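Engineer:
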Amino acid sequence: MSAAVRAWVKSPTGPMTTHFWGPVANWGFVGAALMDMNKPRDMISPKMTGVMCVYSILFMRFSWMVQPRNYLLFACHASNETAQIYQLGRWAGLTKE
Amino acid sequence: MLPSVVPQIRAKVMEWGIIKNNPKFAALVDSPAGPFTIHFWAPTFKWCITIANIADLARPVENVSTPQQIAVTATGVIWSRYSFVITPVNYTLFSVNVFMAGSGFAQLSRKFMAANETPKAEAEVKVVNPN
Numbered sequence: 001m002s003a004a005v006r007a008w009v010k011s012p013t014g015p016m017t018t019h020f021w022g023p024v025a026n027w028g029f030v031g032a033a034l035m036d037m038n039k040p041r042d043m044i045s046p047k048m049t050g051v052m053c054v055y056s057i058l059f060m061r062f063s064w065m066v067q068p069r070n071y072l073l074f075a076c077h078a079s080n081e082t083a084q085i086y087q088l089g090r091w092a093g094l095t096k097e
Numbered sequence: 001m002l003p004s005v006v007p008q009i010r011a012k013v014m015e016w017g018i019i020k021n022n023p024k025f026a027a028l029v030d031s032p033a034g035p036f037t038i039h040f041w042a043p044t045f046k047w048c049i050t051i052a053n054i055a056d057l058a059r060p061v062e063n064v065s066t067p068q069q070i071a072v073t074a075t076g077v078i079w080s081r082y083s084f085v086i087t088p089v090n091y092t093l094f095s096v097n098v099f100m101a102g103s104g105f106a107q108l109s110r111k112f113m114a115a116n117e118t119p120k121a122e123a124e125v126k127v128v129n130p131n
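So the protein sequences, as listed, match chains A and B. Just so we're aligned: the first sequence equals residues 1 to 97 in UniProt numbering. Just so we're aligned: the second sequence equals residues 1 to 131 in UniProt numbering.
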């Protein structure tokens, strides 16, 4: 197992490269969205949430097409997209609250 | 998988006179990080977030979230470097992240200066209002 770990550590998108830490920084958005999941509906900003929805779709495509292909970034934006769409649904009254 | 709208648009646009007659402009428009690719539109859209953050410089300092602005600044700095190590090199992504880091840093400076001023302001209020 440690051979696999060592291989990952030295890989071109591994933790010694910016290709890893860039997406790690972007997980902050996801964390913030998850913490906001229970905040009151009237505190949700439809403008910012809508912007985040479009932003994450664009970057899901970007992370797929960029060289090297960045699965961590893809996962980050897929999660953010889910969270933001959920928030938008809450704001629009589509959830049971 | 997806209907190939963009290649069709690209074929039409590359036939335009203004592009056919200016090979340098044509090279710019057709570049690997140019407007026919996601490498252009994703960072361009990110400008919306940066502009929103710059607009937030006018909001009262108490409403500024320090953890969020630390995240914004760190993101901006890391991604400025990232945009040079990917293929294709992405100057749009670089510029938007430089501004993101700048706006985050500006917000943190506002917070820092407000935190330093508060004890003095409170003392002044106490002197003016002895009751």
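Using N, Cα and C, we set each Cβ at its ideal position, and we do this for glycine too. Given the structure is predicted, the values throughout are model-derived calculations rather than measurements.
Could you give the DSSP three-state label for threonine 13 (chain A): helix, strand or coil?
Structural biologist: Along the first sequence, read from residue 1 onward, the residue named residue 13 (chain A) stands at position 13. In this structure, threonine 13 (chain A) counts as coil in the three-state DSSP scheme.
Engineer: Within 9 Å (strictly less), CB to CB, does glutamine 28 (chain A) reach chain B?
Structural biologist: Walking along the first sequence from the start, residue 28 (chain A) turns up at place 28. Inspection of the sequence shows that residue 28 (chain A) is occupied by glycine rather than by glutamine. Yes, glycine 28 (chain A) lies at the interface with chain B (some Cβ there is under 9 Å from its Cβ).
Engineer: State yes or no: is the C-beta of glycine 93 (chain A) within less than 9 Å of the C-beta of arginine 41 (chain A)?
Structural biologist: As a first step, residue 93 (chain A) is located in the first sequence; it is residue number 93 there, counting from the start. As a first step, residue 41 (chain A) is located in the first sequence; it is residue number 41 there, counting from the start. Cβ distance < 9 Å, so glycine 93 (chain A) and arginine 41 (chain A) count as in contact.
Engineer: Got a sec: which bits of the region 61-82 of chain B sit with their beta carbon under 7 Å from any beta carbon on chain A, in order along the chain?
Structural biologist: Cβ contacts with chain A: Gln68, Ala71, Ala74, Thr75, Ile78, Trp79, Arg81 and Tyr82.
Engineer: Can you name, in chain order, every residue of its own chain whose Cβ lies under 7 Å from the Cβ of tyrosine 80 (chain A), other than the five neighbours on each side?
Structural biologist: Walking along the first sequence from the start, residue 80 (chain A) turns up at place 80. Just to set this straight, residue 80 (chain A) is asparagine in the shown sequence, not tyrosine. Excluding sequence neighbours, asparagine 80 (chain A) sits near Phe29, Val30, Ala33, Met52 and Ser56.
Engineer: Since I believe tryptophan 79 (chain B) is in contact with glycine 50 (chain A) (beta carbons under 8 Å), could you give me their beta-carbon distance rounded to a whole number of angstroms?
Structural biologist: What you label residue 50 (chain A) is simply residue 50 of the first sequence in a count that begins at 1. What you label residue 79 (chain B) is simply residue 79 of the second sequence in a count that begins at 1. With a Cβ gap of about 22 Å, glycine 50 (chain A) and tryptophan 79 (chain B) do not count as contacting.
Engineer: Going by CA-CA distance only, name the one from A:His19, A:Pro15, A:Ser11 and A:Ala83 that's closest to phenylalanine 84 (chain B).
Structural biologist: Within the second sequence, the letter at position 84 stands for residue 84 (chain B). It is A:His19.
Engineer: Cβ of threonine 75 (chain B) within 9 Å of Cβ of alanine 25 (chain A)?
Structural biologist: Taking the second sequence and counting its residues from 1, one reaches residue 75 (chain B) at position 75. Taking the first sequence and counting its residues from 1, one reaches residue 25 (chain A) at position 25. Yes, they are a contact pair.
Engineer: Contact criterion: CB-CB distance below 9 Å. Does threonine 92 (chain B) meet it with respect to chain A?
Structural biologist: Locating residue 92 (chain B) in the second sequence gives position 92, where the first residue counts as 1. Output row for threonine 92 (chain B): interface = no.
Engineer: Drop a sphere of 10 angstroms on the beta-carbon of serine 2 (chain A), count the other beta-carbons inside from all chains shown, and report buried for 16 or more, exposed for fewer.
Structural biologist: Within the first sequence, residue 2 (chain A) is the residue found at index 2, counting from 1. Answer is exposed; the Cβ neighbour count stays below 16.
Engineer: Using a Cβ-Cβ cut-off of 9 Å, state whether tryptophan 41 (chain B) counts as contacting chain A.
Structural biologist: The residue you call residue 41 (chain B) lines up with position 41 of the second sequence. At least one chain A Cβ lies under 9 Å of tryptophan 41 (chain B).
Engineer: Could you name the residues that DSSP lists as bridge partners for threonine 87 (chain B)?
Structural biologist: Translated into the one-based positions of the second sequence, residue 87 (chain B) becomes position 87. Note: threonine 87 (chain B) sits in a beta bridge opposite A:Gln67.
Engineer: Along the alpha helix (DSSP H) that carries isoleucine 51 (chain B), what are the first and last residues, could you check?
Structural biologist: The sequence position of residue 51 (chain B) within the second sequence is 51, counting from 1. Taken as a continuous stretch (DSSP letters only), the alpha helix (DSSP H) holding isoleucine 51 (chain B) covers 38-55.
Engineer: Please state the DSSP three-state secondary structure of residue 212 (chain B).
Structural biologist: Since the first and last residues shown for chain B are 1 and 131, residue 212 (chain B) lies out of range.
Engineer: With distances taken from CA atoms, which of B:Pro32, B:Asn22 and B:Thr50 is nearest threonine 73 (chain B)?
Structural biologist: Within the second sequence, the letter at position 73 stands for residue 73 (chain B). Measuring from the Cα of threonine 73 (chain B), the nearest candidate turns out to be B:Thr50.
Engineer: Using beta-carbon positions only, say whether glycine 102 (chain B) and alanine 71 (chain B) come within less than 9 Å of one another.
Structural biologist: For the purposes of this step, residue 102 (chain B) is taken as residue 102 along the second sequence, with counting starting at 1. For the purposes of this step, residue 71 (chain B) is taken as residue 71 along the second sequence, with counting starting at 1. No, they are not a contact pair.
Engineer: Between which two residues does the alpha helix (DSSP H) harbouring leucine 94 (chain A) extend?
Structural biologist: Residue 94 (chain A) sits at position 94 when you count from the first residue of the first sequence. Premise fails: leucine 94 (chain A) is in no alpha helix (DSSP H) and is neither H nor E.
Engineer: Could you pull out every residue in the same chain whose Cβ sits closer than 7 Å to the Cβ of threonine 95 (chain A), ignoring the five residues on either side in sequence?
Structural biologist: Position 95 of the first sequence, counting from 1, holds the residue named residue 95 (chain A). For threonine 95 (chain A), where only same-chain residues beyond five positions count, the Cβ hits under 7 Å are Gly89.
Engineer: Does chain B have any CB closer than 9 Å to the CB of glutamine 67 (chain A)?
Structural biologist: Numbered from 1 along the first sequence, position 67 holds the residue referred to as residue 67 (chain A). So yes, glutamine 67 (chain A) belongs to the interface.
Engineer: Does alanine 58 (chain B) have its Cβ less than 9 Å from a Cβ in chain A?
Structural biologist: Taking the second sequence and counting its residues from 1, one reaches residue 58 (chain B) at position 58. No, alanine 58 (chain B) lies away from the interface with chain A (no Cβ there is under 9 Å from its Cβ).
Engineer: Taking the straight line between their C-alpha atoms, what separation do you get for arginine 69 (chain A) and alanine 114 (chain B)?
Structural biologist: On the first sequence, residue 69 (chain A) is found 69 positions in, with the first residue counted as 1. On the second sequence, residue 114 (chain B) is found 114 positions in, with the first residue counted as 1. Between arginine 69 (chain A) and alanine 114 (chain B), the C-alpha separation is close to 43 Å.
Engineer: Can you tell me the Cα-Cα spacing of valine 61 (chain B) and tyrosine 86 (chain A), whole angstroms?
Structural biologist: The residue given as residue 61 (chain B) occupies position 61 in the second sequence. The residue given as residue 86 (chain A) occupies position 86 in the first sequence. In a straight line, the C-alpha of valine 61 (chain B) is about 29 Å away from that of tyrosine 86 (chain A).
Engineer: Could you have a look at glycine 34 (chain B) and say whether DSSP puts it in helix, strand or coil?
Structural biologist: What you label residue 34 (chain B) is simply residue 34 of the second sequence in a count that begins at 1. Coil at glycine 34 (chain B), not helix or strand.
Engineer: Determine the direct distance from the alpha carbon of phenylalanine 59 (chain A) to that of methionine 1 (chain B), and round the result to whole angstroms.
Structural biologist: Numbered from its first residue, the second sequence carries residue 1 (chain B) at position 1. Numbered from its first residue, the first sequence carries residue 59 (chain A) at position 59. With a pLDDT of only 48 at methionine 1 (chain B), under the threshold of 50, the placement of this residue in the model should not be trusted; the figure read from the coordinates follows. Taking the straight line joining both Cα atoms gives about 19 Å.
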